[in-house]
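Going by this note's numbering, the letters in the sequence shown line up with residues 32 to 138, in that order.
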Amino acid sequence: MSHKVIQPTKLLDGISANQLRNEISDVTAEGVKTILIDLQDVTFMNSSAIGALVATLKAVRAKGGNLSLCSLNDQVRIVFELTKMDQIFDIYADRQEFDQKIGISAS
Numbered sequence: 032m033s034h035k036v037i038q039p040t041k042l043l044d045g046i047s048a049n050q051l052r053n054e055i056s057d058v059t060a061e062g063v064k065t066i067l068i069d070l071q072d073v074t075f076m077n078s079s080a081i082g083a084l085v086a087t088l089k090a091v092r093a094k095g096g097n098l099s100l101c102s103l104n105d106q107v108r109i110v111f112e113l114t115k116m117d118q119i120f121d122i123y124a125d126r127q128e129f130d131q132k133i134g135i136s137a138s
């Protein structure tokens with residue numbers, strides 16, 4: 032598998048972000064290099080989640096992988112902009128834009 036999409040839901044806080052981090056760690060251990068976190072169903076994200084995502088991004092990059100985000104709602108996008116994390120993460124409008132960027136054709 033060349034890539035994996037992970038889609039958390041509702042509140043993304045320190046606890047759920049660490050669960051997400053563990054899931055991504057498992058995926059990278061399986062050899063997946065390209066990971067997309069689809070945030071379309073996340074209604075709120077706090078600073079603990081941002082910290083966990085940054086740590087996850089560093090871990091994925093250390094293994095030669097890429098971690099991207101897509102489908103940020105307005106609240107989540109504002110948090111990323113205020114913390115300047117929008118300059119660190121690759122952020123796509125939606126899965127379709129991500130698929131086009133990495134060359135996945137729609138089936």
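Note that CB positions come from ideal geometry on N, CA and C, so glycine has one too.
{"Asked": "Limits of the beta strand (DSSP E) - the one that residue 99 falls within", "Found": "97-101"}
{"Asked": "Strand pairing of residue 67, partner residues [DSSP]", "Found": "36, 99"}
{"Asked": "Residue 135 in three-state terms, based on DSSP", "Found": "coil"}
{"Asked": "Pick from 133, 46, 57 that is closest to residue 99, judged by C-alpha positions", "Found": "133"}
{"Asked": "Pick from 92, 117, 108, 115 that is closest to residue 66, judged by C-alpha positions", "Found": "92"}
{"Asked": "Burial state of residue 138, where buried means 16 or more other Cβ atoms lie within 10 Å", "Found": "Note that residue 138 scores a pLDDT of 46, beneath 50, so its modelled location is shaky; the value from the coordinates is reported in the next line. The residue is exposed, with fewer than 16 neighbouring Cβ atoms inside 10 Å."}
{"Asked": "Delimiting residues of the beta strand (DSSP E) encompassing residue 121", "Found": "121-123"}
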